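A quick write-up on the structure given underneath.
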Amino acid sequence: MSEEAVDVLIIGAGASGAALAWSLADTRMNILCMEQGDWMDPAKYPGMSNDWEARQLGDFGLSPNTRGRREDYPVNDSGSPIAVSMFNAVGGSTILYAAHFPRFHPGDFKVKTLDGVADDWPIDYDLLAPYYNANARMMGVSGLAGDPAYPAKEVPLPPVTLGKVGETLARGFNRLGWHWWPSDSAITTQEYEGRAPCINAGTCLLGCGQGAKASTDITYWPEAVRRGVRVKTRCRVREITVRENGMADGVIYYDADGVERKQKAEVVVLACNGIGTPRLLLNSRSKQFPDGLANRSGLVGKNLMFHPYAMVTGVFDEPLDSYKGPTGCCIMSQEFYETDRSRGFVRGYSFEILRGFGPVSTALWGMQQGRMPWGADHHRAHSELFNHTAGMVVICEDLPEPGNSVTLDPELVDSDGIPAPKINYRLSDNSSKMLEHSVARAREVLVASGANDTIAEAPLPFAGWHLMGTARMGADPNTSVVNEWGRCHDVKNLFVIDGSVFVTSAAVNPTNTIQALALYVGDRMKKNLANLFD
Amino acid sequence: MSEENFERPFSADELRTLTSVLDEIIPPSVERNLPGAGEAGVAAYVDAALRKAVELRPVIVQGLADLEAQARSRFGQSFAALSKTEKGALLNEQGFIFPLMLHAYIGYYQNERVVSALGLPLRPPHPQGYEMERSDLSLLDVVRRRPKMFRTLPE
Numbered sequence: 000m001s002e003e004a005v006d007v008l009i010i011g012a013g014a015s016g017a018a019l020a021w022s023l024a025d026t027r028m029n030i031l032c033m034e035q036g037d038w039m040d041p042a043k044y045p046g047m048s049n050d051w052e053a054r055q056l057g058d059f060g061l062s063p064n065t066r067g068r069r070e071d072y073p074v075n076d077s078g079s080p081i082a083v084s085m086f087n088a089v090g091g092s093t094i095l096y097a098a099h100f101p102r103f104h105p106g107d108f109k110v111k112t113l114d115g116v117a118d119d120w121p122i123d124y125d126l127l128a129p130y131y132n133a134n135a136r137m138m139g140v141s142g143l144a145g146d147p148a149y150p151a152k153e154v155p156l157p158p159v160t161l162g163k164v165g166e167t168l169a170r171g172f173n174r175l176g177w178h179w180w181p182s183d184s185a186i187t188t189q190e191y192e193g194r195a196p197c198i199n200a201g202t203c204l205l206g207c208g209q210g211a212k213a214s215t216d217i218t219y220w221p222e223a224v225r226r227g228v229r230v231k232t233r234c235r236v237r238e239i240t241v242r243e244n245g246m247a248d249g250v251i252y253y254d255a256d257g258v259e260r261k262q263k264a265e266v267v268v269l270a271c272n273g274i275g276t277p278r279l280l281l282n283s284r285s286k287q288f289p290d291g292l293a294n295r296s297g298l299v300g301k302n303l304m305f306h307p308y309a310m311v312t313g314v315f316d317e318p319l320d321s322y323k324g325p326t327g328c329c330i331m332s333q334e335f336y337e338t339d340r341s342r343g344f345v346r347g348y349s350f351e352i353l354r355g356f357g358p359v360s361t362a363l364w365g366m367q368q369g370r371m372p373w374g375a376d377h378h379r380a381h382s383e384l385f386n387h388t389a390g391m392v393v394i395c396e397d398l399p400e401p402g403n404s405v406t407l408d409p410e411l412v413d414s415d416g417i418p419a420p421k422i423n424y425r426l427s428d429n430s431s432k433m434l435e436h437s438v439a440r441a442r443e444v445l446v447a448s449g450a451n452d453t454i455a456e457a458p459l460p461f462a463g464w465h466l467m468g469t470a471r472m473g474a475d476p477n478t479s480v481v482n483e484w485g486r487c488h489d490v491k492n493l494f495v496i497d498g499s500v501f502v503t504s505a506a507v508n509p510t511n512t513i514q515a516l517a518l519y520v521g522d523r524m525k526k527n528l529a530n531l532f533d
Numbered sequence: 000m001s002e003e004n005f006e007r008p009f010s011a012d013e014l015r016t017l018t019s020v021l022d023e024i025i026p027p028s029v030e031r032n033l034p035g036a037g038e039a040g041v042a043a044y045v046d047a048a049l050r051k052a053v054e055l056r057p058v059i060v061q062g063l064a065d066l067e068a069q070a071r072s073r074f075g076q077s078f079a080a081l082s083k084t085e086k087g088a089l090l091n092e093q094g095f096i097f098p099l100m101l102h103a104y105i106g107y108y109q110n111e112r113v114v115s116a117l118g119l120p121l122r123p124p125h126p127q128g129y130e131m132e133r134s135d136l137s138l139l140d141v142v143r144r145r146p147k148m149f150r151t152l153p154e
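Protein chains in written order, with numbering that gives the first Met the number 0: chain A, 0 to 533; chain B, 0 to 154.
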């Protein structure tokens, strides 16, 4: 059964799909977004109930493999030291992200020129800057102007409260003479565009019932829908279909009842991020594209980049009120961001300061670290850690490597029978050396901040939050999947606008850049509407 | 394993053993005004949690039965009636203690008596949230004086 053809079909209602839908809405085209998840009900987020911490191990866990939600698809990540984290809903993974919202630096787009590794992007910082600004206004970004680590930039709202944790660490950075700055966060710190300000509840990773954290279901989507874009939830796309001439002509999908349906479209846009997008392309095989759609370069699914993370936690004598405040965004440091070859690796990393844990998470994390015994010593152990920890994650730039990949699993399928993605990933030598360096520096700054003990985990096994590089952009069809504005080289009415198009990963959270790119692609599509497929 | 129905609620005997085990995992602390996990009623939480953990539940049920049997064969009494030392010695030999600890810790640290004793408000984080003091941004003065740190590209 086929339905009315649409002008633009966007697959995925997360960070990038929402931004593009909003951007294209003023064209008055017939735009439809298909999302396999549903609209979330913020009144039902875990932060509203006393068992909120435990739900991080249950229906609001990071891994789609353990949540048991029908909306998710399984990911075979047994071949990777870093497990994949993602969420399927209107809003996508912005429902669960920490809303850390740094930009890339100008140099992050040109690592080949600067450091002789990986590749340069076909676009640059100056081109994206106006879209970063537009995105900051739409998402409601807080931060502070004047950071010496960045060119001047627009930040609409004042920074997230540092709290005792942020100030304690800031003093440590100052003692060492190292850079730090209040983080850019997609968290409203004042009333903003109908959104209430952050109340320091500390439940960012479980959805924000306050609506202060910018997930796209409360930022871009309401505006896009008001302007006529339609969102169809519980639609799981199996494959993109092609005409005889090799152009995309729509999709085959399963509706909420598991019934197979077709949707025709003039333009198809993939917004499923670095694992969902290559999965769908690889599952869209035809006689024109026997190795997967838009894959004549053979690069669909290759060059998967995570950001290898470390988590380094300090234990302090004094209480830090560390369960208060947004989870991840008080301050960050880019002291070790740029390449210094004397360190034994190229490129660099950021430190992002974290709050401490709630009482349940303290107990479970302590148990994992072998520091939370049962028996007579239990209370001493818990009281030493609860409200007495603060620390950081390290986010390392991951360089693209063809062997790190997304393929289709030969056996594992989702609840509609669509092949699941399979991850092959190994930490590069460069990443391992970078992690080692970063952990040593993190311990140093924690001790300088007054920590009496430090605990490090590297690589952080559950931190596959950032999914990039698997349909990279470039000018040459032999070495890239999409051109410099997201259009597939091989299929001129098929676009990719998510983290898959990243050429390199920088050492910051990618969402702001993903959305700035989506807005840029939207603008280019609007400018080229008359000859979009030339 | 037998064809026993592991989805049934714990029996009174099993609950008594479980409560006693929980009080060993997290004993009371008079000094900190904290109850033991058994005394705080965490057994009811564990029972409910294990109904969703279908693979673990039989392990715990069997583990509790074995523990009782060992208490009686080695010490001639039920586990609950043993001395602290005897309980500790037996528990140290049980494989089920680690998976049980996970649920015991979750149940304990979201228990109202425990949350109060830790000095936290008896409510979820939303919708009230927490007050925080204003930031001291003068800490940034030294950072503001730094020259630009990002690299510019060759023309």
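Just so you know, even glycine gets a beta-carbon here, dropped at the ideal spot from N, CA and C.
If you're wondering where the values come from, they're calculated on a predicted model, not measured in any experiment.
Problem set entry | Whether HIS178/A touches PRO147/A by CB criterion (8 Å) | Their beta carbons are under 8 Å apart, which means HIS178/A touches PRO147/A by this criterion.
Problem set entry | ASN64/A (DSSP reduced to helix, strand or coil) | Collapsing the DSSP output to three states places ASN64/A in coil.
Exercise. Would GLU23/B count as contacting chain A if we go by Cβ distances under 8 Å?
Worked result: With 8 Å as the cut-off, GLU23/B counts as an interface residue toward chain A.
Exercise. Quick one, which of GLU410/A, ARG440/A, LEU407/A has its alpha-carbon nearest GLY390/A's?
Worked result: The candidate whose alpha carbon is nearest that of GLY390/A is ARG440/A.
Exercise. If we cut at 8 Å on Cβ distances, does MET0/B have a partner in chain A?
Worked result: With a pLDDT of 43 at MET0/B, under the threshold of 50, the modelled position of this residue cannot be trusted; read the value that follows with caution. It does not: the Cβ of MET0/B has no partner Cβ on chain A nearer than 8 Å.
Exercise. Near LYS421/A, which residues of its chain fall below 6 Å by C-beta distance, leaving aside the five closest residues on each side in sequence?
Worked result: Correct list, in chain order: ASN75, THR406, ASP408.
Exercise. When burial is assigned at 16 or more other CB atoms within 10 Å of the CB, is ASN477/A buried or exposed?
Worked result: Using a 10 angstroms sphere on the CB of ASN477/A, the tally of other CB atoms stays under 16, which defines it as exposed.
For this session: Express the C-alpha separation of ASP290/A and GLY521/A in angstroms, rounding to a whole number.
Result: If you draw a straight line from the Cα of GLY521/A to the Cα of ASP290/A, it is about 28 Å long.
Problem set entry | LEU353/A burial status per 10 Å Cβ neighbour count (16 or more: buried) | Its Cβ being crowded by 16 or more others within 10 Å, LEU353/A is buried.
Exercise. Of all the beta strand (DSSP E) runs that stay within the bounds of the segment 238-267 of chain A, which reach a length of 3 or more residues?
Worked result: If we require 3 residues or more, the beta strand (DSSP E) runs fully inside the segment 238-267 of chain A come out as 247-253.
Problem set entry | 8 Å Cβ cut-off: residues of chain B touching GLN333/A | From the beta-carbon of GLN333/A, the residues of chain B found nearer than 8 Å are MET148.
Problem set entry | Contact belief for ASP497/A with GLY273/A at Cβ below 8 Å, rounded distance in angstroms | Right, their Cβ atoms sit about 7 Å apart.
For this session: With PHE97/B as the anchor, note down where its beta strand (DSSP E) starts and where it stops.
Result: Boundaries around PHE97/B are those of the alpha helix (DSSP H), 96-108, since no beta strand (DSSP E) includes it.
Exercise. Can you check whether the CB of ASN492/A is closer than 8 Å to the CB of ALA247/A?
Worked result: Yes, these two residues count as a Cβ contact at 8 Å.
Exercise. How would you label GLU259/A, buried or exposed, when you count the other beta carbons within 10 angstroms and need 16 or more for buried?
Worked result: It counts as exposed.
Problem set entry | Backbone secondary structure at PRO409/A - three-state DSSP | Under the three-state reduction of DSSP output, PRO409/A falls in the strand class.
Problem set entry | Residue(s) in a DSSP beta bridge with GLY369/A | Answer by DSSP bridge pairing: none, since GLY369/A is not bridged.
Problem set entry | Beta-carbon gap between VAL311/A and ARG170/A smaller than 8 Å | Contact flag unset, no.
Problem set entry | Helix, strand or coil at HIS178/A [DSSP, three-state] | Annotated three-state conformation of HIS178/A is coil, per DSSP.
Problem set entry | Rounded C-alpha distance that separates ARG235/A from ALA505/A | Taking the straight line from one Cα to the other gives about 31 Å.
For this session: Output the residue ranges of the beta strand (DSSP E) runs that lie fully inside the segment 30-92 of chain A and measure 3 residues or longer, sorted by chain position.
Result: For the segment 30-92 of chain A, whole beta strand (DSSP E) runs of length 3 or above, ordered along the chain, are 30-33, 75-78.
Problem set entry | Coil, strand or helix - LEU49/B by DSSP | Reduced to three states, the DSSP call for LEU49/B is helix.
Exercise. What residues of chain A sit near ASP135/B, judged by a beta carbon separation below 9 Å?
Worked result: Near ASP135/B (Cβ distances below 9 Å), the residues of chain A are LEU161, GLU166, ALA169.
Exercise. Are MET433/A and PHE288/A close, meaning C-beta to C-beta below 8 Å?
Worked result: Contact flag unset, no.
Exercise. Along the segment 100-130 of chain A, what residues have a CB closer than 7 Å to any CB found in chain B?
Worked result: For the segment 100-130 of chain A, which is checked against every Cβ of chain B, the residues closer than 7 Å are HIS104, PRO105, GLY106, LYS109, THR112, LEU113.
For this session: Measure the CB-CB distance between ALA36/B and TYR107/B and report whether it falls below 8 Å.
Result: Going by C-beta atoms, ALA36/B is nearer than 8 Å to TYR107/B.
Exercise. Does any CB atom of chain A fall closer than 8 Å to the CB of PRO126/B?
Worked result: Answer yes: the Cβ-Cβ gap between PRO126/B and chain A drops below 8 Å somewhere.
For this session: Using the Cα positions of ASP533/A and ARG145/B, report the straight-line distance between them to the nearest angstrom.
Result: Approximately 49 Å, taken between the alpha carbons.
For this session: With 7 Å as the C-beta to C-beta threshold (strictly closer), list the residues of the segment 182-209 of chain A near chain B in chain order.
Result: Listed by position along the chain: ILE198, ASN199, ALA200, GLY201, THR202, GLY208, GLN209.
Problem set entry | Completely contained alpha helix (DSSP H) runs for the segment 105-136 of chain B, where each covers 4 or more residues | Qualifying alpha helix (DSSP H) stretches, in chain order: 111-116.
For this session: Just the C-alpha distance for ASP167/A and LEU156/A, rounded to the nearest angstrom, thanks.
Result: Here residue 167/A is Thr; the residue named in the question, Asp, does not match the sequence. If you take the alpha carbons of THR167/A and LEU156/A, they lie about 23 Å apart.
For this session: At 7 Å on the CB atoms, spell out the chain B contacts of HIS178/A, in chain order.
Result: Within chain B, the residues near HIS178/A are VAL142, ARG145, MET148.
Exercise. Got a sec: is the Cβ-Cβ distance from SER48/A to anything in chain B below 8 Å?
Worked result: Answer yes: the Cβ-Cβ gap between SER48/A and chain B drops below 8 Å somewhere.
Exercise. Going straight from the alpha carbon of LEU459/A to that of ILE394/A, what length do you get?
Worked result: Rounded to the nearest angstrom, the two C-alpha atoms are 10 Å apart.
For this session: Compare the C-beta of MET0/A against all C-beta atoms of chain B and say whether one is closer than 8 Å.
Result: Note that MET0/A scores a pLDDT of 46, beneath 50, so its modelled location is shaky and nothing firm can be said.
For this session: Leaving aside the five residues before and after THR240/A along the sequence, list all residues of the same chain whose C-beta is less than 8 Å from its C-beta, in chain order.
Result: So the qualifying residues of the chain are ALA247, ASP248, GLY249, VAL250, ILE251, LYS261, SER283, SER285.
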